[in-house]
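A short worksheet on the structure shown next.
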Amino acid sequence: MMDGLDDSPDLLAEDENKPRTESVDLTKDDTLAIDISDALSERDRVKFTVHTKTTLPDFRESEFSVVRQHEEFIWLHDRFVENEEYGGYIIPPAPPRPDFDASREKLQKLGEGEGTMTKEEFTKMKQELEAEYLATFKKTVAMHEVFLQRLAAHPAFRKDTNFRVFLEYDQDLSVRLKNKKEKLGWFIKSMSQSVDEVLLSNQKDADEFFEQEKGFLVEYHNRIAQSTKCADRMTKMHKSVADSYIKLSTGLGSLATCENTELDNYLPSSVRGASKETTKVFNKVSECFEKSRKLEARVSSDEDLKLSDTLRYYLRDTSAAKDLLYRRTRALADYENANKDLDKARAKNRNVQQAEQAQQRACEKYEHLSDLAKSELTDFKKRRVGAFRKNLVELAELEIKHAKALNQLYRNCIAQLKEDGRGGKAQAQ
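The end of the sequence shown is residue 511 by the numbering used here, with every number in the run present.
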């Protein structure tokens, strides 16, 4: 490090080893605590070590660990979605598939272009890309962990047999990927639901609570989707600025070793002709930009974690809440159709008993879904507002902190350059 810029407290050392908080808050429950204690990244898959600590009598042991892959998380999610018993609940969104292709591609391109940049610039770019890869890996692990913790915190999901098997069975679950026929079936089912949602969009709901929730979630989902795109663009621009500082810092560092006296034409008159002073100026400005790069990269990382990831998660969670409303609306339509069928059966005096039983089942299902859905949507709002408040407040505090640090860094650099300039002028006299 050069003299002058290290006199103040290290602006970058703070929070260096502080663990990053997750973007989703969950109520802690010691009766069933789950975390991913380790993860191993291979080229085509990631192995997660799921650690469970519990006092519940349903489990054979109080503490145990199993190794799971992403496909097994998807299998578990599908078991909840396909179980009609959970139709009145918001199913936690499945964790996104691990995707490190973008980071690997950047590292490959960097290796191919090694000959076009200086060794120092190549080293810094490589460190940035490796840090980006590590951040992506950590976020992938966190999203898989949050999925399990959401299930563990839910009073109904935590009792599910498949969930216990996922946590406790210490062998491979032998989960296979969907074949083409199953993928086609899933696609047709998804399209059918989309068409059904359009047909049910004009379904009038006597319950004002659900009518308001339906309108709100549709608008909210659209705005969250747009906000996510904007947040990603903002994060990408900060990352681009940090990458630009690498070139500035490296370029100035190279100029510091240049002996061409023509460089004096670009320096203040007070330090012209003084090679040592010239070198010192370039080195200090180079160091300033290097520290600026680290701060700008930290800003990008914080915005990605506290804002983009929060928006992206609740975009998926809102989709799950919309699916809940669809299931309830479908049950309402089935109940109304059952009432019509019962009226027809009574008018014709045929199959009245069967129609009454069908109407009773439809009524019970609709009322059961309504009771559960109202509680789930109320809890969803509370959880969502709490998570956004926490993460936005923390983001604002971090933005202020980084802005103050950057301002202090530039002030120190300018002050030191002025002081060196006065010193050089005094020596010349």
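Yeah, the Cβ is synthetic: ideal placement off N, Cα and C, and Gly gets one too.
So what does DSSP say about residue i, is it helix, strand or coil?
i: Ile-118; result: strand
i: Thr-200; result: coil
i: Asp-252; result: coil
i: Thr-339; result: coil
i: Ala-288; result: coil
i: Ala-238; result: coil
i: Asn-365; result: helix
i: Asn-494; result: helix
i: Arg-398; result: helix
i: Arg-432; result: coil
i: Asp-423; result: helix
i: Asp-502; result: helix
i: Thr-103; result: At Thr-103 the pLDDT is 45, less than 50, meaning the model places this residue with poor confidence and gives no usable figure here.
i: Thr-360; result: helix
i: Asp-112; result: coil
i: Ala-95; result: Low confidence applies to Ala-95: its pLDDT is 47, below 50, so where it sits in the model is not reliable, and the reading given next is rough at best. DSSP places Ala-95 in coil when its eight states are reduced to three.
Whose C-alpha, out of the options, is nearest the C-alpha of residue i?
i: Glu-164; options: Ser-382, Leu-406, Lys-500 and Glu-227; result: Leu-406
i: Leu-557; options: Lys-329, Phe-292 and Met-316; result: Missing from the structure shown is residue 557; the chain here goes from 83 to 511 and no further.
i: Leu-337; options: Pro-177, Thr-360, Phe-239 and Ile-328; result: Thr-360
i: Glu-446; options: Gly-170, Lys-135, Arg-142 and Arg-125; result: Gly-170
i: Leu-299; options: Gln-209, Ser-382, Asp-399 and Asp-391; result: Asp-399
i: Ala-235; options: Gln-190, Asp-160, Ala-121 and Ala-115; result: Ala-115
i: Lys-486; options: Leu-255, Leu-158 and Glu-378; result: Glu-378
i: Asp-160; options: Asn-244, Ser-256 and Ala-455; result: Asn-244
i: Val-363; options: Asp-242, Leu-233, Lys-500 and Tyr-251; result: Lys-500
i: Asp-512; options: Leu-451, Ala-313 and Lys-430; result: Since the first residue of the chain shown is 83 and the last is 511, residue 512 is not available in this structure.
i: Thr-134; options: Gly-193, Phe-248 and Gln-441; result: Phe-248
i: Asn-473; options: Ala-403, Tyr-396 and Leu-451; result: Tyr-396
i: Asp-120; options: Phe-130, Asp-112 and Asp-126; result: Phe-130
i: His-484; options: Asp-461, Ser-452, Thr-411 and Ser-382; result: Ser-382
i: Lys-318; options: Glu-214, Phe-292, His-303 and Tyr-408; result: Glu-214
i: Glu-295; options: Thr-136, Glu-203, Ala-403 and Asp-112; result: Ala-403
i: Leu-389; options: Phe-162, Lys-311, Tyr-417 and Thr-411; result: Lys-311
i: Arg-410; options: Ser-123, Lys-286, Thr-218 and Leu-216; result: Lys-286
i: Glu-167; options: His-152, Ala-455 and Leu-330; result: Ala-455
i: Leu-158; options: Ser-256, Phe-292, Arg-493 and Ala-217; result: Ser-256
i: Leu-289; options: Glu-479, Ala-217 and Tyr-448; result: With the sequence shown as reference, residue 289 is identified as Asp, and Leu is not the correct amino acid for it. Comparing Cα positions, the closest option is Tyr-448.
i: Arg-125; options: Thr-113, Gln-435 and Glu-187; result: Glu-187
i: Ala-413; options: Asp-453, Lys-430 and Ala-429; result: Asp-453
i: Leu-451; options: Tyr-408, Asn-431, Lys-464 and Lys-220; result: Tyr-408
i: Phe-219; options: Leu-138, Leu-330, Lys-430 and Leu-122; result: Leu-122
i: Tyr-417; options: Glu-438, Thr-137, Glu-385 and Lys-430; result: Glu-438
i: Asn-365; options: Leu-334, Arg-246 and Gly-193; result: Leu-334
i: Glu-143; options: Glu-479, Arg-246, Asn-304 and Lys-463; result: Arg-246
i: Thr-137; options: Asp-112, His-152 and Glu-153; result: Asp-112
i: Glu-514; options: Lys-191, Asp-384 and Phe-292; result: Residue 514 cannot be examined here, being either before or after the span of the chain that is shown, 83 to 511.
i: Thr-460; options: Lys-430, His-303 and Phe-292; result: Phe-292
i: Glu-301; options: Gln-190, Ser-401, Ala-224 and Phe-204; result: Ser-401
Output yes or no for whether 7 angstroms exceeds the beta carbon distance between residue i and residue j.
i: Ile-118; j: Glu-227; result: yes
i: Leu-477; j: Lys-373; result: no
i: Val-128; j: Arg-150; result: no
i: Thr-200; j: Thr-332; result: yes
i: Leu-393; j: Ser-309; result: yes
i: Thr-222; j: Pro-180; result: yes
i: Glu-481; j: Ile-172; result: no
i: Pro-177; j: Phe-146; result: no
i: Ala-420; j: Ala-440; result: yes
i: Asp-252; j: Val-148; result: yes
i: Arg-380; j: Ile-328; result: no
i: Phe-239; j: Leu-233; result: yes
i: Glu-250; j: Phe-162; result: no
i: Val-434; j: Arg-443; result: no
>> Extract the residue ranges of the alpha helix (DSSP H) inside the stretch 120 to 194, only unbroken runs of 4 or more that lie entirely within it.
In response: 152 to 164 and 183 to 194
> Do the stretch 358 to 370 and the stretch 309 to 326 touch if we need at least three Cβ pairs shorter than 8 angstroms?
Replying inline: no
>> Closer than 8 angstroms is the cut-off here; do at least three beta carbon pairs connect the stretch 417 to 425 with the stretch 460 to 469?
In response: no
>> As an exercise, report each continuous alpha helix (DSSP H) stretch of at least 4 residues that is fully enclosed by the stretch 425 to 487, in chain order.
In response: none
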